[in-house]
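**Q**
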Amino acid sequence: MSEAIQRENILATAAAYAKSPTSQAQRRVSILGATGSVGCSTLDLIGRHPNRYDVVALTANSNAELLAKQAIAHDAELAVLADPAGLDELKSALSGTSVEAAAGQEALMEAVARPADWTMAAIVGSAGLRPTLEAVRQGKSVALANKECLVSAGDIFMETVASSGTRLLPVDSEHSAGFQSIDPNASDAIEKITLTASGGPFRTWTREQIKTATPEDALNHPTWSMGDKLTIDSATLMNKGLELIEAFFLFPVEPDQLGVVVHPQSIVHCLVEYSDGSVLAQLSSPDMRTPIAYSLAWPERMWAPTERLDLAKIGSLDFEAPDNDRFPAPRMAIEALKANNGSTTVLNAANEIAVDAFLNRRIGLPSICTLVADTLEAVARDGLTKPKTLDDVLALDALSRTLARSLLPELV
Ligand code: NDP
Numbered sequence: 457m458s459e460a461i462q463r464e465n466i467l468a469t470a471a472a473y474a475k476s477p478t479s480q481a482q483r484r485v486s487i488l489g490a491t492g493s494v495g496c497s498t499l500d501l502i503g504r505h506p507n508r509y510d511v512v513a514l515t516a517n518s519n520a521e522l523l524a525k526q527a528i529a530h531d532a533e534l535a536v537l538a539d540p541a542g543l544d545e546l547k548s549a550l551s552g553t554s555v556e557a558a559a560g561q562e563a564l565m566e567a568v569a570r571p572a573d574w575t576m577a578a579i580v581g582s583a584g585l586r587p588t589l590e591a592v593r594q595g596k597s598v599a600l601a602n603k604e605c606l607v608s609a610g611d612i613f614m615e616t617v618a619s620s621g622t623r624l625l626p627v628d629s630e631h632s633a634g635f636q637s638i639d640p641n642a643s644d645a646i647e648k649i650t651l652t653a654s655g656g657p658f659r660t661w662t663r664e665q666i667k668t669a670t671p672e673d674a675l676n677h678p679t680w681s682m683g684d685k686l687t688i689d690s691a692t693l694m695n696k697g698l699e700l701i702e703a704f705f706l707f708p709v710e711p712d713q714l715g716v717v718v719h720p721q722s723i724v725h726c727l728v729e730y731s732d733g734s735v736l737a738q739l740s741s742p743d744m745r746t747p748i749a750y751s752l753a754w755p756e757r758m759w760a761p762t763e764r765l766d767l768a769k770i771g772s773l774d775f776e777a778p779d780n781d782r783f784p785a786p787r788m789a790i791e792a793l794k795a796n797n798g799s800t801t802v803l804n805a806a807n808e809i810a811v812d813a814f815l816n817r818r819i820g821l822p823s824i825c826t827l828v829a830d831t832l833e834a835v836a837r838d839g840l841t842k843p844k845t846l847d848d849v850l851a852l853d854a855l856s857r858t859l860a861r862s863l864l865p866e867l868v
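Numbers 457 to 868, taken from this note's numbering, label the letters of the sequence shown in order.
(1) Given the structure, does A538 come close to ligand 1, in the sense that its CB is under 7 Å from one of the ligand's heavy atoms?
(2) So for H719, helix, strand or coil by DSSP?
(3) Could you check which residue in W680, V828, M565, P708 has the C-alpha nearest to that of I646?
(4) Nearest to K648 by CA position, among D712, Q561, T826, is which residue?
(5) Classify F658: buried if its beta carbon has 16 or more other beta carbons within 10 angstroms, exposed otherwise.
(6) Taking 7 Å as the line, does the beta carbon of V627 fall inside it for any heavy atom of ligand 1?
(7) Starting from M576, trace the alpha helix (DSSP H) both ways and give me its first and last residue.
(8) Going straight from the alpha carbon of I688 to that of T660, what length do you get?
(9) So which of E710, V485, V607 has the shortest CA-CA distance to L852?
(10) S597 and D573 - do their beta-carbons sit closer together than 8 Å?
(11) S582 and A805 - do their beta-carbons sit closer together than 8 Å?
(12) For a test of the three-state rule: what should DSSP assign to A813, helix, strand or coil?
(13) For a test of your reading of the model: does the CB of G495 fall under 7 Å from any non-hydrogen atom of ligand 2? Yes or no.
(14) Nearest to S619 by alpha carbon, out of G595, I638, G610, Y509?
(15) State the Cα-Cα distance for the pair R508 and L501, rounded to the nearest angstrom.
(16) Taking its Cβ as the centre, do 16 or more other Cβ atoms sit within 10 Å of E833, making it buried, or is it exposed?
(17) Indicate the three-state DSSP secondary structure (helix, strand or coil) for A653 in the structure shown.
(18) Output needed for S751: all residues of its chain with C-beta closer than 6 Å, excluding positions within five of it in sequence on either side, in chain order.
(19) Quick check: does the Cβ of M685 come within less than 7 Å of any heavy atom belonging to ligand 1?
(20) Shorter than 7 Å, the distance from the beta carbon of S554 to the closest heavy atom of ligand 1, or not?
(21) Quick one: give me the first and last residue of the alpha helix (DSSP H) that A792 is part of.
(22) Where does P626 fall in DSSP's three states?
(23) Ligand 1 heavy atoms versus the CB of M682: any closer than 7 Å?
(24) Our contact map puts Q738 next to S637 with C-beta atoms below 8 Å; I'd like the distance itself, whole angstroms only.
(25) Considering only residues of the region 667-723, which uninterrupted beta strand (DSSP E) runs meet the minimum length of 3 residues and lie entirely inside it, listed in chain order?
(26) What are the uninterrupted segments assigned as beta strand (DSSP E) that are 3 or more residues long and contained completely in the region 495-528, given in chain order?
(27) By how many angstroms is the C-alpha of K844 removed from the C-alpha of T762?
(28) Measure the Cβ-Cβ separation of L546 and A569 and say whether it is below 8 Å.
(29) Assuming L863 and N797 make a contact with CB atoms under 8 Å, what is their CB distance in whole Å?
(30) Grab me the residues of I824's own chain with a C-beta within less than 6 Å of its C-beta, minus the 5 sequence neighbours each way, in chain order.
(31) Should P865 be labelled buried (16 or more other beta-carbon atoms within 10 Å of its own) or exposed?
(32) Does any heavy atom of ligand 1 sit closer than 7 Å to the C-beta of T515?
(33) Between the beta-carbon of E556 and the beta-carbon of L534, is there less than 8 Å?
(34) Pairs of beta-carbons, one from the region 741-758 and one from the region 693-708, closer than 8 Å: are there three or more?
(35) Looking at C-beta atoms only, is the number of pairs between the region 668-678 and the region 759-775 that lie closer than 8 Å three or more?
(36) Going by beta carbon distance, what residues of the same chain come within less than 6 Å of A410, once the five residues before and after it are set aside?
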């Protein structure tokens, strides 16, 4: 994607901020991935401000019980499961209410197309790609939690954002922080954007110790509470790799202007450095409800029930360089981004297979990055060309998954 399109997007959003009215009418909102960690946090905020939001559609994959409870509690118009197997359970849980129930991919796309002013894109993994793109095509506001969309199909995604006039609001804490720290009048003067990383549960573990890490160890994140896939991504620092790619597509910088610093307290989320030496950053407690609230209320601010920062009590904030030897994922991601040939699609797909294999105890934690590297190598051997359409992306994603699965037994 051209730098011009990226710049246009961030500047258009900032310009809209300047022109926006000071108060908002009640907004119609939909949540894709309502039953997940981000989805539940979003509903928690909406529930605290019931007069500001009307819930249109809530979606999940298979958790019919929670989806039905959420739909009833928030008086949603529609509840949709991506997996049709749960439709009977959903219908029965919603019987006697006014909430419509539906299931399957078509129903999911119909839910996305139902008019809403703001849509939270919080389906996990590349399963979120089609529905999120559809939400973008609607041309309203899309709060983007699903980073895999940009990793897997960044150019296509951002071109769709530009052509639809959709306002894209980053939800990932680092990107929300970057969005808040970018001066729209001085985006040309940005020299560097640094994302912070907690370092995950294995920050102080040796390479030998990391080989013995179990899913339970990896799921025990020191600062953030997230879904399983993202928690494992945080433990390998692949999450930071995915976020670097995400930052490239969201912000007006080149790959070499992106960096990572390990910050175990997860209080400073992103640092934007300007040509005059100023560094702007956003700080908040590690609670996703702050960046979600920012995207939900944008361009205003809303109250969020998060712990307030007491810097005197915290005392000190620590920063250290990432260790590329024990945690190669961020470097792999930047190399894939620079290759600009579809490697990020392969990296994302192989990582999803590898995380699943680790969670099912088929491979050890270090084998996640090995499988990703092996898959990238295998795909490149057969010749890799940059996907031009969504179908190209989905075909490359499927091929990468097949290759990653076939390479898995070598690592078991
Ligand atoms: P969770 O695993 O907690 O939730 C995922 C949601 O997606 C659930 O509602 C799930 O439904 C639904 N889902 C899963 N598979 C499918 C599918 N095939 N089709 C349709 N829906 C599906 O994930 P998180 O909330 O942690 O993360 C969501 C996204 O947000 C990820 O891309 C993540 O990287 C990103 N993100 C998350 C943050 C966090 O703090 N959690 C922070 C920043 C970004 P069901 O419950 O039925 O399985």
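No residue lacks a Cβ here, since even glycine has one placed at the ideal position from N, Cα and C.
**A** Reading it off the structure:
(1) yes
(2) coil
(3) P708
(4) D712
(5) buried
(6) When distances are taken from the beta-carbon of V627 to the heavy atoms of ligand 1, the shortest one is below 7 Å.
(7) M576 -> not in any alpha helix (DSSP H); beta strand (DSSP E) instead, spanning 574-577.
(8) 16 Å
(9) V607
(10) yes
(11) yes
(12) helix
(13) This structure lacks ligand 2; its bound ligands are ligand 1.
(14) Closest option to S619, Cα to Cα, is G595.
(15) 11 Å
(16) Within a 10 Å sphere around the beta-carbon of E833 sit fewer than 16 other beta-carbons, which makes this residue exposed.
(17) In the structure shown, the three-state DSSP call for A653 is strand.
(18) A599, L625, V627
(19) A quick correction: the sequence has Lys, not Met, at residue 685. Yes, the Cβ of K685 comes within 7 Å of a heavy atom of ligand 1.
(20) no
(21) 785-795
(22) strand
(23) yes
(24) 6 Å
(25) Runs of the beta strand (DSSP E) inside the region 667-723: 714-718.
(26) 509-516
(27) 42 Å
(28) no
(29) The pair is not a contact, with the Cβ atoms about 20 Å apart (cut-off 8 Å).
(30) T692, A810, F814
(31) exposed
(32) yes
(33) Going by C-beta atoms, E556 is nearer than 8 Å to L534.
(34) no
(35) no
(36) Nothing can be reported for residue 410, as the shown portion of the chain is limited to 457 through 868.
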